[in-house]
Amino acid sequence: MCAANRQTVDLSKYARNILADEDRPLFDEAVKAGKAGALRAAYVMIWLACAESLKRRFREAQKRDSAAGRIVSDIEKKEREHKSVDKFVLDKAHEYGFLSDSGHTILNHVYEMRCLYGHPYEEAPSQEQVSHAAAVVVEHVLSKAVKLRHGFGKQLLKSLLENRSYLDDQQTAVTAFTKDIIPRLDESIHGWLLDNYWEELEKLADDSSMAIFFRRGIWFCRAMLMEVGVGVFSHDEWHDKVNRFPKTLMRVCSIADLFREIGKRAQDSLVGSILAESGTRSSVLTYLERLDNDGALSKRQKQRFTERVSRLSSSELRSASLSTKTCFQNLINALQSYTWPKQNPAIELIVSNGPGQAAALNEEQQVELGRNILQAADGRAFSACAFLEKLSQDGASWPLDVVRGIALETFTNEKNEIRFKDRHLNRVLSALAHLNKKQREQIVAEIVASVDVGSPKSWVGRKDFDSVIESLRAYKWTAPLISRLEAKAASLPGEDEEW
1 MCAANRQTVD
11 LSKYARNILA
21 DEDRPLFDEA
31 VKAGKAGALR
41 AAYVMIWLAC
51 AESLKRRFRE
61 AQKRDSAAGR
71 IVSDIEKKER
81 EHKSVDKFVL
91 DKAHEYGFLS
101 DSGHTILNHV
111 YEMRCLYGHP
121 YEEAPSQEQV
131 SHAAAVVVEH
141 VLSKAVKLRH
151 GFGKQLLKSL
161 LENRSYLDDQ
171 QTAVTAFTKD
181 IIPRLDESIH
191 GWLLDNYWEE
201 LEKLADDSSM
211 AIFFRRGIWF
221 CRAMLMEVGV
231 GVFSHDEWHD
241 KVNRFPKTLM
251 RVCSIADLFR
261 EIGKRAQDSL
271 VGSILAESGT
281 RSSVLTYLER
291 LDNDGALSKR
301 QKQRFTERVS
311 RLSSSELRSA
321 SLSTKTCFQN
331 LINALQSYTW
341 PKQNPAIELI
351 VSNGPGQAAA
361 LNEEQQVELG
371 RNILQAADGR
381 AFSACAFLEK
391 LSQDGASWPL
401 DVVRGIALET
411 FTNEKNEIRF
421 KDRHLNRVLS
431 ALAHLNKKQR
441 EQIVAEIVAS
451 VDVGSPKSWV
461 GRKDFDSVIE
471 SLRAYKWTAP
481 LISRLEAKAA
491 SLPGEDEEW
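Sequential numbering from 1 applies to the sequence shown in UniProt numbering.
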């Protein structure tokens, strides 16, 4: 056939969709052959571009996957022995997950036709057949990024679950690794990977010797979900998985961005699992506390959490590691118990949580906390006494409103009734002395106002006033309070009048 009558085909439009530069040279040869009317050569080059791209993908995958490495070794061995590897590569690409079932079937047909058209005495392909081969090879292989699938996923899980030194035991390191690896995974294995990982992690949850692997798993899965989204599972699937893997998912999904998206039923089940677990490990309540602080709990979920916190025993409260704000009412109840075994642990928790958490309380709560600390100290609770001793050395170390509450309680109660709790008066005055002038004057003025409108309790006599006034005289800034107390003392009935 003369050149003028030779059929040609333009494959350049397919070349534009090729993703990797490494895959272009062979396909470009097919484009040239098509333009020249060499359809048999074009078809063969299209197939070679496909086969070589699949080999390259295995070489890329072997950097992180030993299963891919074994396939590469088998390919190289067959090539050294001058054996055909095309069908082997095609089938292994299907087994490994580079090709879907339909993709494998379509490309297997292209391979069979390549074997046919490769013989010069057999029928040559038509323009349509060459174009179709180019289209499907680009669609199923050349336009796809190298994505790791089940073979790599299995090896990854093995490393994460068995190799202690695989990653640094730091959340930042695990999160960075996860963000690096997720783009390399085929999306079709995301759910499979999480499901299999959770199944193994659930077995490790209560094994302290495997804590590093469990901790790593929580960080990895949380980071993965933040990257790929919780939409990897439906709400019904999340509900099922929360009940299948409660110990794992109560930790993974205890951040607001994930919890909000898993569906109402899954949320309720997760809350229930945490509450049940808190019966033996109260520290898990911090997961609900974090969700509550972030506004992720519904009204009913918050109610369930609050009710559980209110029932915590002193020992559970100590081990729960909840914030002062969350367990505020528990602390107040303990301080008002008039029982040292309850008061002392409460003070210790307040001190352990520190001034910063006390500052997170509103003004009214801070004053109430201060009043109750003073009451416990007046009742000689050791930890409360120790608290006031340290406060006397630096009154500014705790929030001003807590100090206000302590100072107010020393002179009057919430009803502005005057009765002196002066066992620790010198410590309270020393604490006030460490405040700046403006703060100190504010508190003294508030005490003066309370005394001014108040009336002494029936058992308070002039001697009580005199004793307190004598202690106040050590500080010049107490003059307004001394003046007000002297006026109140003068208004008391005389001893004869009392009788």
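All C-beta atoms in this analysis are idealised placements derived from N, C-alpha and C, irrespective of residue type, glycine included.
Beta-carbon proximity list for residue i, same chain, < 6 Å, skipping 5 on both sides
i: Ser430; result: Ser392
i: Ala489; result: Arg462 and Phe465
i: Ala134; result: Leu11, Tyr14 and Ile46
i: Ala376; result: Leu335, Gln343 and Ala384
i: Lys243; result: In the sequence under discussion, the amino acid at residue 243 is Asn, which differs from the Lys named in the question. Only Ser269 meet the Cβ criterion.
i: Arg265; result: His239
i: Phe98; result: Arg57
i: Thr178; result: Phe220, Ala223 and Met224
i: Thr8; result: Lys35 and Gly37
i: Leu288; result: Ile274 and Phe305
i: Leu161; result: Glu200 and Phe213
Span separating the alpha-carbon of residue i from that of residue j
i: Arg304; j: Asn353; result: 24 Å
i: Ser323; j: Ser310; result: 14 Å
i: Arg59; j: Ala93; result: 12 Å
i: Gly295; j: Leu258; result: 13 Å
i: Pro183; j: Met224; result: 10 Å
i: Gln170; j: Gln442; result: 47 Å
i: Glu199; j: Glu76; result: 37 Å
i: Leu157; j: Leu369; result: 50 Å
i: Ser383; j: Pro345; result: 8 Å
i: Ala358; j: Ser273; result: 30 Å
i: Glu277; j: Asp65; result: 38 Å
i: Gly454; j: Asn372; result: 20 Å
i: Ser254; j: Phe245; result: 14 Å
i: Leu167; j: Lys325; result: 36 Å
i: Pro456; j: Thr286; result: 45 Å
i: Leu194; j: His239; result: 15 Å
i: Leu408; j: Glu446; result: 8 Å
i: Ala4; j: Glu81; result: Note that Ala4 has pLDDT 48, beneath the 50 cutoff, so the model's placement of it is unreliable and no number is given.
i: Ser131; j: Asn108; result: 16 Å
i: Ile469; j: Lys476; result: 12 Å
i: Ser397; j: Pro355; result: 7 Å
i: Val89; j: Leu142; result: 15 Å
i: Val402; j: Asn196; result: 51 Å
i: Leu485; j: Gln301; result: 51 Å
i: Ser339; j: Pro480; result: Ser is not the amino acid found at residue 339; the sequence shown has Thr there. Straight-line Cα distance between these residues: approximately 36 Å.
i: Leu116; j: Lys147; result: 31 Å
i: Lys241; j: Gly151; result: 24 Å
i: Ser337; j: Asn330; result: 11 Å
i: Gly191; j: His235; result: 13 Å
i: Met1; j: Arg114; result: At Met1, the pLDDT of 46 sits below 50, so the modelled position is not reliable; the number obtained from the coordinates is stated separately. Rounded to the nearest angstrom, the two C-alpha atoms are 22 Å apart.
i: Arg149; j: Asp86; result: 21 Å
i: Pro399; j: Leu349; result: 16 Å
i: Asp91; j: His104; result: 8 Å
i: Val228; j: Ile189; result: 11 Å
i: Lys299; j: Ser319; result: 26 Å
Element boundaries [alpha helix (DSSP H), containing residue i]
i: Phe58; result: Leu39 to Ala61
i: Glu368; result: Glu363 to Asp378
i: Met113; result: Asp101 to Tyr117
i: Pro246; result: Pro246 to Val252
i: Met210; result: From DSSP, Met210 is part of no alpha helix (DSSP H); its letter is neither H nor E.
i: Ala433; result: Leu425 to Ala433
i: Phe88; result: Asp86 to Tyr96
i: residue 527; result: A query on residue 527 cannot be resolved here, the shown segment of the chain reaching from 1 to 499 and no further.
i: Gly354; result: Trp340 to Ala359
i: Gln127; result: Gln127 to Val137
i: His190; result: His190 to Leu204
i: Leu312; result: Note, Leu312: premise wrong, no alpha helix (DSSP H); not H, not E.
i: Pro25; result: Arg24 to Ala36
i: residue 501; result: Residue numbering for the chain in the displayed model covers 1 to 499; residue 501 lies beyond these limits and cannot be assessed.
Cut-off 8 Å between Cβ atoms - residues of its own chain near residue i, not counting five sequence neighbours on either side
i: Met226; result: Asp257 and Leu258
i: Ile406; result: Gly370, Arg371, Ile373, Leu374, Leu388, Leu391, Val428 and Ala431
i: Thr412; result: Ile418, Arg419, Ile447, Ser450, Val451 and Gly454
i: Ile482; result: Ile469, Leu472 and Arg473
Sequence-distant residues of its chain with Cβ nearer than 7 Å to residue i (five each side left out)
i: Gln365; result: Phe328
i: Leu275; result: Arg304 and Arg308
Q.
Please give the ranges of any beta strand (DSSP E) in the stretch 249 to 302, keeping only runs that are unbroken, at least 3 residues long and fully inside the region.
A. none
Q) Taking three-plus beta-carbon pairs below 8 Å as touching, is the stretch 204 to 221 in contact with the stretch 174 to 182? A) yes
Q. Pairing CB atoms from the stretch 21 to 35 with CB atoms from the stretch 46 to 55, are three or more of them under 8 Å?
A. yes
Q: Determine, using beta-carbon pairs with one atom in the stretch 32 to 44 and one in the stretch 123 to 130, whether at least three such pairs fall under 8 Å.
A: yes
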